[in-house]
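Residue numbers for the sequence shown follow the numbering used here, beginning at 12 and rising by one. Right, one structure below, let's go through it.
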Amino acid sequence: MRDIVHSFDVTAITLAGLRKRFAEGGTVALDDVSLEVKSGEIFGIVGRSGAGKSTLIRTVNLLERPDSGRVTVLGQDMLALDDAALREARRGIGMVFQHFNLHSRRTVAENVAFPLEIAGLSSAERRRRVEEILPLVGLEGKRDAYPAQLSGGQKQRVGIARALASRPSILLCDEATSALDPETTQEILQLIRGLRERLDLTVLLITHEMGVVKAICDRVAVMEAGRVIEEGRVFDVFTRPEQPVTRRFVSEVIGHAVPAATIARLPAPRAGEARRLAQVLFAGPNSTRAVVSEASRDFGIDVNIVSGRVDEIAGEPFGVMALAAYGPEDKVQAAFTWMRSLGLTVTEIAA
Ligand code: ADP
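Following this line, the structure appears as structure tokens:
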């Protein structure tokens with residue numbers, strides 16, 4: 012008989028069958044959502060506005076109570092906790108907000124210490140924690156500044172320090188970089204990634220920007236209308252997006268807008284034939300030239316590479332290429348179908 016081996020439970024957050032409707036007959040914010048976030052990973056939830064991301068992330072610390080389903084955090088059934096136990100559990104879950112939510116009349120140090128004050132820590136212990144955390148977020152020297160004296164990026168660093176002051180093992184980020192410019196966004200994302208390593212954090216973030224997912228997430232779930240419609244390793248989702256919504260998100264980031272001037276220079280199709288432009292994603296710097304020449308030969312069409320580049324996610328390369336295919340419409344479509352059967356993601360773009 013085989014032994015049943017129980018492996019160490021490395022799941023940090025389990026959401027199972029979550030449903031939430033804010034009003035009788037109103038829209039369903041969460042429609043049977045299940046997710047597992049592993050300990051130590053950075054998990055992203057991406058979706059358009061109204062998809063249910065914010066409602067979902069807020070169920071983790073029960074800022075939002077689901078109508079039904081289970082929320083398990085570090086092995087604890089959150090919905091079974093009484094008020095005192097829930098307060099205690101929440102100290103293990105830090106949260107960062109889009110608009111920082113800082114007290115304008117408190118200094119940086121006072122903002123960071125605020126949750127510790129609520130938790131009843133002595134002033135000596137609060138000071139110790141603040142001195143410990145400020146250098147980790149790059150705010151040494153700013154302890155006595157007021158929020159109005161800080162840049163957006165610095166304000167979010169305060170928000171992160173405050174979230175980490177109670178030494179949580181889970182960090183929830185609710186559109187943490189959406190109010191920041193692109194350069195500051197990258198700085199804050201790299202900070203979060205570094206803190207994950209240094210403090211052994213599990214990070215769950217929500218965003219409407221696939222660029223955030225590409226920059227730091229290990230896995231991603233795509234939400235639409237209260238449901239998770241696609242989920243996987245970031246590399247897999249980027250190179251082989253299955254749902255149309257996901258494809259749109261992915262193409263926003265690696266999308267390859269072919270300049271109008273380039274399109275204008277492309278030869279016109281012969282009379283009665285089609286010219287189709289397509290963006291092709293492929294994992295690894297494989298022999299795309301072979302795909303192009305095989306498609307040309309086997310389908311009796313002309314396929315030209317308009318542009319191409321190799322991008323990288325978490326150190327793994329993948330290619331993005333724009334192709335122009337000329338020939339009878341049915342042959343061109345058959346060639347695209349054949350490329351898809353090889354595992355390439357082929358998306359037609361306007362020609
Ligand atoms: P996202 O974060 O993806 O933008 P939300 O979770 O905020 O989506 O919203 C999901 C749906 O739930 C939307 O239809 C939204 O209007 C609704 N909703 C969210 N919060 C509330 C609330 N407090 N009261 C009523 N409806 C809400």
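Note that the Cβ used here is the ideal one computed from N, Cα and C, for glycine as well.
Applying the 10 Å Cβ sphere with the 16-neighbour rule, what's the burial state of residue 262?
Translated into positions along the sequence shown, residue 262 becomes position 251. Buried is the call here.
Just verifying my parser: in three-state terms, what is the DSSP assignment at residue 66?
Walking along the sequence shown from the start, residue 66 turns up at place 55. Helix, per DSSP.
Quick check on DSSP: helix, strand or coil for residue 218?
Start at 1 with the first residue of the sequence shown, and residue 218 comes out as number 207. Reduced to three states, the DSSP call for residue 218 is strand.
Suppose you measure from the CA of residue 278 to the CA of residue 183; what does that come to, to the nearest Å?
Indexing the sequence shown from 1 puts residue 278 at position 267. Indexing the sequence shown from 1 puts residue 183 at position 172. Taking the straight line from one Cα to the other gives about 51 Å.
If you reduce the DSSP assignment to three classes, tell me which class residue 17 lands in.
Sequence index remark: in the sequence shown, residue 17 carries index 6 (1-based). Note that residue 17 has pLDDT 37, beneath the 50 cutoff, so the model's placement of it is unreliable and the number below is only indicative. The answer is coil: DSSP assigns residue 17 none of H, G, I, E or B.
Just the C-alpha distance for residue 335 and residue 117, rounded to the nearest angstrom, thanks.
Here residue 335 refers to the residue found at position 324 of the sequence shown. Here residue 117 refers to the residue found at position 106 of the sequence shown. Looking at the two C-alpha atoms, the distance is approximately 59 Å.
Within this structure, are the beta carbons of residue 177 and residue 135 separated by less than 8 Å?
Taking the sequence shown and counting its residues from 1, one reaches residue 177 at position 166. Taking the sequence shown and counting its residues from 1, one reaches residue 135 at position 124. No, Cβ-Cβ distance for residue 177 and residue 135 is not below 8 Å.
Residues in the same chain with beta-carbon distance under 7 Å from residue 60, minus the five sequence neighbours each way, listed in chain order, please.
Indexing the sequence shown from 1 puts residue 60 at position 49. For residue 60, where only same-chain residues beyond five positions count, the Cβ hits under 7 Å are 219.
Which of the three DSSP states, helix, strand or coil, is assigned to residue 179?
Sequence index remark: in the sequence shown, residue 179 carries index 168 (1-based). Residue 179: coil per DSSP, three-state reduction.
Starting from the Cα of residue 317, find the closest Cα among 238, 227, 287 and give me that residue.
Here residue 317 is taken as the residue at index 306 of the sequence shown, counted from 1. Of the listed residues, the one whose Cα sits closest to residue 317 is 287.
Taking the alpha helix (DSSP H) that residue 350 belongs to, which residues open and close that run?
Position 339 of the sequence shown, counted from the first residue, corresponds to residue 350. 340-352 is the extent of the alpha helix (DSSP H) around residue 350.
So what does DSSP say about residue 118, is it helix, strand or coil?
Numbered from its first residue, the sequence shown carries residue 118 at position 107. Correct three-state label for residue 118: coil.
To test your reading of the DSSP string, which unbroken beta strand (DSSP E) runs of 3 or more residues are found completely within the region 206-260?
213-218, 230-235, 238-244
By how many angstroms is the C-alpha of residue 21 removed from the C-alpha of residue 14?
Residue numbering aside, residue 14 sits at position 3 when the sequence shown is read from its first letter. Residue numbering aside, residue 21 sits at position 10 when the sequence shown is read from its first letter. For residue 14, the predicted model reports a pLDDT of 45, less than 50, meaning its position is unreliable; a value from the coordinates is still stated below. If you take the alpha carbons of residue 14 and residue 21, they lie about 20 Å apart.
Where does residue 323 sit, in a helix, a strand or coil, going by DSSP?
As a working mapping, residue 323 is identified with position 312 in the sequence shown. Reduced to three states, the DSSP call for residue 323 is strand.
Measuring straight from C-alpha to C-alpha, what distance separates residue 137 and residue 171?
Residue numbering aside, residue 137 sits at position 126 when the sequence shown is read from its first letter. Residue numbering aside, residue 171 sits at position 160 when the sequence shown is read from its first letter. Rounded to the nearest angstrom, the two C-alpha atoms are 16 Å apart.
By the three-class DSSP mapping on this structure, what secondary structure does residue 79 have?
As a first step, residue 79 must be located in the sequence shown, where it is residue number 68. Residue 79: strand per DSSP, three-state reduction.
Please list, following the chain, all residues that have a C-beta closer than 6 Å to any non-hydrogen atom of the ligand ADP.
33, 38, 40, 58, 60, 61, 62, 63, 64, 65, 66
What's the C-alpha gap between residue 361 and residue 290?
What you label residue 361 is simply residue 350 of the sequence shown in a count that begins at 1. What you label residue 290 is simply residue 279 of the sequence shown in a count that begins at 1. So the two alpha carbons sit approximately 10 Å from each other.
Measuring only the C-alpha atoms, how far is residue 203 from residue 350?
By one-based count along the sequence shown, residue 203 stands at place 192. By one-based count along the sequence shown, residue 350 stands at place 339. Approximately 38 Å between the Cα atoms of the pair.
Alpha carbons only, please: which of 102, 98, 232, 301 is nearest the one belonging to residue 253?
Residue numbering aside, residue 253 sits at position 242 when the sequence shown is read from its first letter. Here the closest residue by C-alpha is 232.
I need the DSSP call for residue 335, collapsed to helix, strand or coil.
In the sequence shown, the residue the question calls residue 335 occupies position 324. Residue 335: strand per DSSP, three-state reduction.
What does DSSP give as the partner residue(s) for residue 273 in the beta ladder?
Counted from its first residue, the sequence shown places residue 273 at position 262. None; residue 273 has no bridge partner.
Only counting runs of 3 or more residues, tell me where the beta strand (DSSP E) segments fall wholly within the region 25-75, in order along the chain.
39-49, 53-58
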